[in-house]
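J.: Take a look at this one; I'll ask things after.
Protein chains: 2
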Amino acid sequence: MTATIQAPTVSPVAPTFLPLYRQIKALVLRGLEAGEWKPGEAIPSESELAARYRVSQGTVRKAIDELAAENLLVRRQGRGTFVATHGEPRQQFRFLRLAPDHGEPGPYASRTFECRRGRASAEAARMLELKPGDAVVAIRRVLLFGGEPIVLEDITLPGAVFKGLTAERLAEHEGASIYHLYETDFGTRMIRADEKLKAAAADPTAARLLGVAAGTPLLSVERVAFTYGDRPVEWRRGLYRTDRHHYTNALY
Amino acid sequence: MTATIQAPTVSPVAPTFLPLYRQIKALVLRGLEAGEWKPGEAIPSESELAARYRVSQGTVRKAIDELAAENLLVRRQGRGTFVATHGEPRQQFRFLRLAPDHGEPGPYASRTFECRRGRASAEAARMLELKPGDAVVAIRRVLLFGGEPIVLEDITLPGAVFKGLTAERLAEHEGASIYHLYETDFGTRMIRADEKLKAAAADPTAARLLGVAAGTPLLSVERVAFTYGDRPVEWRRGLYRTDRHHYTNALY
DNA sequence: CAGTGGTCTAGACCACCAA
DNA sequence: TGGTGGTCTAGACCACTGC
Numbered sequence: 001m002t003a004t005i006q007a008p009t010v011s012p013v014a015p016t017f018l019p020l021y022r023q024i025k026a027l028v029l030r031g032l033e034a035g036e037w038k039p040g041e042a043i044p045s046e047s048e049l050a051a052r053y054r055v056s057q058g059t060v061r062k063a064i065d066e067l068a069a070e071n072l073l074v075r076r077q078g079r080g081t082f083v084a085t086h087g088e089p090r091q092q093f094r095f096l097r098l099a100p101d102h103g104e105p106g107p108y109a110s111r112t113f114e115c116r117r118g119r120a121s122a123e124a125a126r127m128l129e130l131k132p133g134d135a136v137v138a139i140r141r142v143l144l145f146g147g148e149p150i151v152l153e154d155i156t157l158p159g160a161v162f163k164g165l166t167a168e169r170l171a172e173h174e175g176a177s178i179y180h181l182y183e184t185d186f187g188t189r190m191i192r193a194d195e196k197l198k199a200a201a202a203d204p205t206a207a208r209l210l211g212v213a214a215g216t217p218l219l220s221v222e223r224v225a226f227t228y229g230d231r232p233v234e235w236r237r238g239l240y241r242t243d244r245h246h247y248t249n250a251l252y
Numbered sequence: 253m254t255a256t257i258q259a260p261t262v263s264p265v266a267p268t269f270l271p272l273y274r275q276i277k278a279l280v281l282r283g284l285e286a287g288e289w290k291p292g293e294a295i296p297s298e299s300e301l302a303a304r305y306r307v308s309q310g311t312v313r314k315a316i317d318e319l320a321a322e323n324l325l326v327r328r329q330g331r332g333t334f335v336a337t338h339g340e341p342r343q344q345f346r347f348l349r350l351a352p353d354h355g356e357p358g359p360y361a362s363r364t365f366e367c368r369r370g371r372a373s374a375e376a377a378r379m380l381e382l383k384p385g386d387a388v389v390a391i392r393r394v395l396l397f398g399g400e401p402i403v404l405e406d407i408t409l410p411g412a413v414f415k416g417l418t419a420e421r422l423a424e425h426e427g428a429s430i431y432h433l434y435e436t437d438f439g440t441r442m443i444r445a446d447e448k449l450k451a452a453a454a455d456p457t458a459a460r461l462l463g464v465a466a467g468t469p470l471l472s473v474e475r476v477a478f479t480y481g482d483r484p485v486e487w488r489r490g491l492y493r494t495d496r497h498h499y500t501n502a503l504y
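As structure tokens, this is what we get:
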């Protein structure tokens, strides 16, 4: 059988042949993007999708395999396949790679200093693919571990997407992942992020907020987070105290 | 068919059921570990392995899929499946995540200052799972990009594994990945590494070798690299200048 | 052209979960 | 017990490589 769900896009250089399971993957992805199934909900069973798309279950399976490998879906044997969410404890710290040098991680908390609406700087506009002057939301907060301030973060969001975001709403959400808030209150699911790390000296403000001396070396983590279709929806810069913590990374 | 290559290990908590393809994977892994096929060489075809292990080709395929996903094997359509190697250009910088802030990466070079044999410190012993006082090789070198010194690295290796390693041998190898040298000259293939990142102030020595002022914030990258069976075989600490470069990371 | 990996199918059966 | 994902098989055909 050489069923073709949609004619393979003929583009220069790129693959001249799009496997059926990739087409199915694209269709499921479109459903996810359109919100056909919400985060935490189950998508239809493999056999149901196979019937819907007129392909074998094995083909659907391979499509879902890839989406699960990309952390967009979560398979649970005997129960079904679910749309991934940042609400579950396991996903909570998926994007925060900080670990204590010794012992177990202490209790986590966040303190928001600022949450105001403003206009995108040239840099913010470039990072978020906006036009300079477009509306943005700027958040400044500190993350505490074991009661100690460890991370100072400046988060910039496109104002058009995050309309009703206030300091109060953030405070209510205290303790949970901010990505969960994006998901539940703004229908925006984070799926991927790029980070650039540097070492930087603490300026007086950062030094005060983190409780270190000015000039102390800090780990600077600049992150752009993306939702479906590689659309950037968050730009943040974090300054990490690394005297008793470190940023972990695994290479394969 | 419910063929069982080896009785599933009955262990507490752990899976009470080991799928056939995992057993095949373990067997292929054993072959890789034993050097049955050398880096860069082709392993037997899927059908050949299927016949050898008395399973279907699909089962072999799934085993190889996982090994390829872990970068231990490389599939090349129409040609075969090959043992991964650090010798190919594509693998060259797999473990070096540094990128210039602007423009293309400049030409790469390394300069080795020191390569001496010594005894493992308590810390080195812990990192490399040796006993304090065991033989080690200590290397100090600088990595240059576009002629500028950017990284200062101290590498510690278990002396028992790296017997004939000298500064001369390192110099001859100039320009290529050091992991390629480990592979070709010492039969030790790096497959995985864990990194811990911190910010640190440049001490006088580091400052001199990197051409910055003492106290300049540097990115400290501590890495333990592993070979088959999660055996640590390299411990290194790098100090990165991040005034015009940054460490990149992708989160999924 | 032969040989390799890559895709797709159809069907059987197993492991797991919830009701 | 029924439904879900997970495994395994056997066979067909396609895409790619090298001779």
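These protein sequence lines are chains R and H, in that order.
Sequential numbering from 1 applies to the first sequence in my numbering.
Sequential numbering from 253 applies to the second sequence in my numbering.
Ideal Cβ placement from N, Cα and C applies to all residues, glycine included.
1) How would you list, in chain order, the residues of chain H whose beta-carbon sits under 8 Å from the beta-carbon of Met230(R)?
2) Buried or exposed: where does Val262(H) fall if 16 or more other Cβ atoms within 10 Å of its Cβ makes it buried?
3) Would you kindly work out how many angstroms separate the C-alpha atoms of Arg346(H) and Pro352(H), rounded to a whole number?
4) Around the Cβ of Ala454(H), are there at least 16 other Cβ atoms within 10 angstroms (buried) or fewer (exposed)?
5) By the 8 Å beta-carbon criterion, what residues does the segment 266-300 of chain H contribute toward chain R?
6) Leaving out five residues before and five after Met1(R) in sequence, what residues of the same chain have Cβ atoms less than 8 Å from its Cβ?
7) Looking at the strands, I want to know which residues DSSP matches up with Thr500(H).
8) Would Pro132(R) be called buried (16 or more neighbouring beta carbons within 10 Å of its own) or exposed?
9) By the 9 Å beta-carbon criterion, what residues does the segment 312-341 of chain H contribute toward chain R?
10) Taking Arg363(H) as the reference, which of Ala423(H), Val473(H) and Ala302(H) has the closest Cα?
11) Pairing CB atoms from the segment 314-326 of chain H with CB atoms from the segment 361-378 of chain H, are three or more of them under 8 Å?
12) Are at least three pairs of beta-carbons, each pair with one atom in the segment 237-250 of chain R and one in the segment 170-190 of chain R, less than 8 Å apart?
13) Counting only the same chain and skipping the five closest in sequence on each side, list residues whose C-beta sits under 6 Å from that of Arg140(R).
14) Let me make sure I understand the geometry here. Which of Leu152(R), Ala135(R) and Val151(R) has the alpha-carbon closest to that of Lys163(R)?
15) Taking Leu219(R) as part of the beta strand (DSSP E), name the residues at either end of that continuous run.
16) Please say whether Glu447(H) and Glu486(H) have beta carbons closer to each other than 8 Å?
17) Can you give me the C-alpha to C-alpha distance between Leu279(H) and Trp289(H), rounded to a whole angstrom?
18) Tell me which same chain residues have a C-beta within less than 6 Å of the C-beta of Thr16(R), skipping the five on either side of it?
19) For Trp487(H), which beta-bridge partners are listed by DSSP?
20) Any chance you could list the beta strand (DSSP E) runs of at least 3 consecutive residues sitting entirely within the segment 62-129 of chain R, in chain order?
21) Leaving out the 5 sequence neighbours to the left and right, which residues in its chain are closer than 6 Å to Gly481(H) when beta-carbon positions are compared?
22) Straight-line CA distance for Asn249(R) to Val476(H)?
23) Kindly list, in the order they appear in chain H, the residues whose Cβ is closer than 8 Å to that of Glu153(R).
24) Is there contact between the segment 335-344 of chain H and the segment 435-443 of chain H, where contact requires at least three CB pairs shorter than 8 Å?
25) Using a Cβ-Cβ cut-off of less than 8 Å, list which residues of the segment 444-463 of chain H approach chain R; keep chain order.
26) Please report whether the beta-carbon of Leu251(R) lies at a distance below 8 Å from any beta-carbon of chain H.
27) Using 8 Å as the limit for Cβ to Cβ distance, is His498(H) near chain R?
28) With distance defined between alpha-carbon atoms, name the residue in Arg236(R), Arg97(R), Val161(R) and Leu20(R) nearest to Ala63(R).
29) So is Arg304(H) buried or exposed if we call it buried at 16+ other beta carbons inside 10 Å?
30) Compare the C-beta of Leu218(R) with all C-beta atoms of chain H and state if any pair is closer than 8 Å.
31) Is Leu404(H) near Val389(H), with beta carbons less than 8 Å apart?
32) Quick one, which of Gln77(R), Leu157(R) and Leu218(R) has its alpha-carbon nearest Ser45(R)'s?
33) Per DSSP, which residues does Tyr492(H) bridge with? Please list them.
34) One question on the structure: do Pro291(H) and Val335(H) come within less than 8 Å of each other, judged by their Cβ atoms?
T.: Concretely, from the data shown:
1) According to the sequence as given, residue 230(R) is Asp; it is not Met. From the beta-carbon of Asp230(R), no residue of chain H is found nearer than 8 Å; the closest lies around 12 Å away.
2) Because the pLDDT at Val262(H) is just 38, under 50, the model does not fix this residue reliably, and the value given afterwards should be weighed accordingly. By the neighbour-count definition (other C-beta atoms within 10 Å, threshold 16), Val262(H) is an exposed residue.
3) Rounded to whole angstroms, the gap between the alpha carbons of Arg346(H) and Pro352(H) is 16 Å.
4) Its Cβ being crowded by 16 or more others within 10 Å, Ala454(H) is buried.
5) Within the segment 266-300 of chain H, no residue qualifies.
6) Because the pLDDT at Met1(R) is just 31, under 50, the model does not fix this residue reliably, and the value given afterwards should be weighed accordingly. None.
7) Paired residue(s): Lys196(R).
8) Exposed: under 16 other Cβ atoms inside 10 Å.
9) The residues in question are Ala321, Glu322 and Asn323.
10) From the listed residues Ala423(H), Val473(H) and Ala302(H), the smallest Cα separation to Arg363(H) is found for Ala423(H).
11) Not touching, per the Cβ criterion.
12) No, because fewer than three Cβ pairs between the segment 237-250 of chain R and the segment 170-190 of chain R fall closer than 8 Å, the two stretches do not touch.
13) Answer for Arg140(R): Phe113, Glu114 and Asp154, listed in chain order.
14) For the residues Leu152(R), Ala135(R) and Val151(R), the minimum Cα distance to Lys163(R) belongs to Ala135(R).
15) Looking at the DSSP string, the run of the beta strand (DSSP E) that includes Leu219(R) is Pro217 to Thr227.
16) Taking 8 Å as the Cβ cut-off, Glu486(H) and Glu447(H) do not qualify as a contacting pair.
17) Going by the C-alpha atoms only, they are around 13 Å apart.
18) Counting only Cβ-Cβ distances below 6 Å, and skipping sequence neighbours, we find nothing.
19) Thr408(H) and Val476(H).
20) Entirely contained in the segment 62-129 of chain R, the beta strand (DSSP E) runs reaching 3 residues are, in chain order, 73-76, 80-83, 98-100 and 108-119.
21) The answer is none, since no qualifying residue turns up.
22) Between Asn249(R) and Val476(H), the C-alpha separation is close to 11 Å.
23) Those within 8 Å of Glu153(R) in chain H number zero; the least Cβ separation is about 15 Å.
24) At 8 Å Cβ cutoff, the stretches touch.
25) From the segment 444-463 of chain H, only Arg444, Ala445, Asp446, Glu447, Lys448, Leu449, Lys450, Ala451, Ala452 and Ala453 have a Cβ closer than 8 Å to chain R.
26) Taking CB atoms only, Leu251(R) has a neighbour in chain H less than 8 Å away.
27) At least one beta carbon of chain R lies nearer than 8 Å to the beta carbon of His498(H).
28) The alpha carbon of Ala63(R) has as its nearest neighbour, out of Arg236(R), Arg97(R), Val161(R) and Leu20(R), the alpha carbon of Leu20(R).
29) With fewer than 16 other beta carbons inside 10 angstroms of its own, Arg304(H) counts as exposed.
30) Leu218(R) counts as touching chain H.
31) Not a contact, by the Cβ cut-off of 8 Å.
32) Looking at the Cα atoms, Gln77(R) is the closest of the given residues.
33) In DSSP, Tyr492(H) forms a bridge with Val403(H) and Leu471(H).
34) Result yes, Cβ atoms of Pro291(H) and Val335(H) sit closer than 8 Å.
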